[in-house]
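Chemist: Here's a structure for you.
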Amino acid sequence: DQQVKQNSPSLSVQEGRISILNCDYTNSMFDYFLWYKKYPAEGPTFLISISSIKDKNEDGRFTVFLNKSAKHLSLHIVPSQPGDSAVYFCAASEGGNEKLTFGTGTRLTIIP
Amino acid sequence: GAGVSQTPSNKVTEKGKYVELRCDPISGHTALYWYRQSLGQGPEFLIYFQGTGAADDSGLPNDRFFAVRPEGSVSTLKIQRTERGDSAVYLCASSAIGGQAGYRYTFGSGTRLTVV
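These protein sequence lines map, in sequence, to chains A and B.
Each residue of the first sequence is one higher than the last, beginning at 538 in my numbering.
Each residue of the second sequence is one higher than the last, beginning at 897 in my numbering.
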């Protein structure tokens, strides 16, 4: 049972445009959400997070939106840069539990 | 060290053999996590240590898998009687404190285990 789903395995975006990565979840007990970025042969690195008490969090070019009623979150990257090309994982946690549940990832390719 | 170090980076073993995977967390990080990433999947939780003790081992798939952290720093993931389905990248992560900041793991580069 996949509790965190990233339905788009890949996405290509022109440099300078907006990249939007989507994530859906089924567990209504999840209350903290994170995005991780992964380059080949490296471990995932933390990008941005959001608590369920908020609906938006922004950090530079990265903004995460949370829609609790739809159990949906999205990551917006604007403007997209070639160095953003990587696999992006959505992750979630419930009730202060240290364990994270990850989605299957979306491979983002920024086209120069 | 500056980051989380995992050794070996690659391990090929024969079915039925025993393997040990090592993780050196960031110095001072009290929390340590093991995840497994199979091809085409996201990382899957295995076990979480707070200090020397396993605070949550609910992700270990069966009793062939065991992990230790005897001095609250380096951790070893041990797999007995390896099976081809154990082939995956095993990721270790550490974090400084619990709570929401604790979710911002620093991952190592992983050990790619191949069972032939």
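Don't be surprised by glycine CBs; every beta carbon is placed ideally from N, CA and C.
Who does asparagine 564 of chain A pair with in a DSSP beta bridge?
Modeler: In the first sequence, the residue the question calls residue 564 of chain A occupies position 27. DSSP, once it has assigned bridges, lists no residue as partnering asparagine 564 of chain A.
Chemist: Tell me whether glycine 949 of chain B sits in a helix, a strand or coil according to DSSP, three-state version.
Modeler: Working through the second sequence from its first residue, we reach residue 949 of chain B at position 53. Three-state result, glycine 949 of chain B: strand.
Chemist: For threonine 903 of chain B, count neighbouring C-beta atoms within 10 Å of its own C-beta (all shown protein chains included) and say buried if the count is 16 or more, exposed if not.
Modeler: Counted from its first residue, the second sequence places residue 903 of chain B at position 7. It counts as exposed.
Chemist: So which residues of chain A does alanine 984 of chain B contact, with C-beta pairs closer than 7 Å?
Modeler: Mapped onto the second sequence, residue 984 of chain B falls at position 88. The contacting residues do not exist; alanine 984 of chain B stays about 13 Å from chain A at best.
Chemist: Determine, for leucine 610 of chain A, whether the minimum Cβ-Cβ distance to residues of chain B falls below 8 Å.
Modeler: The residue labelled residue 610 of chain A in the question sits at position 73 within the first sequence. Closer than 8 Å: no.
Chemist: Using a Cβ cut-off of 9 Å, pull out every chain B residue sitting near lysine 636 of chain A, in sequence order please.
Modeler: Taking the first residue of the first sequence as 1, we reach residue 636 of chain A at position 99. Here the neighbours are Tyr929, Phe941, Tyr944, Asp952, Ser954 and Gly955.
Chemist: Select from the segment 561-587 of chain A all residues with a C-beta closer than 9 Å to any C-beta belonging to chain B, and list them in chain order.
Modeler: Hits within the stretch, in order: Tyr569, Leu571, Tyr573, Lys575, Ala578, Glu579, Gly580, Pro581, Thr582, Phe583 and Ser586.
Chemist: Cutting at 7 Å between CB atoms, please list the residues of its own chain near alanine 984 of chain B, excluding the five before and the five after it.
Modeler: Numbered from 1 along the second sequence, position 88 holds the residue referred to as residue 984 of chain B. The residues are Arg932, Gln933, Ser934 and Leu1009.
Chemist: Give the straight-line distance between the Cα atoms of alanine 992 of chain B and glycine 632 of chain A, rounded to the nearest whole angstrom.
Modeler: Taking the first residue of the second sequence as 1, we reach residue 992 of chain B at position 96. Taking the first residue of the first sequence as 1, we reach residue 632 of chain A at position 95. Going from the Cα of alanine 992 of chain B to the Cα of glycine 632 of chain A covers about 19 Å.
Chemist: At 8 Å on the CB atoms, spell out the chain A contacts of arginine 965 of chain B, in chain order.
Modeler: Within the second sequence, the letter at position 69 stands for residue 965 of chain B. Under the 8 Å cutoff, chain A gives no residues; its nearest Cβ is about 14 Å from arginine 965 of chain B.
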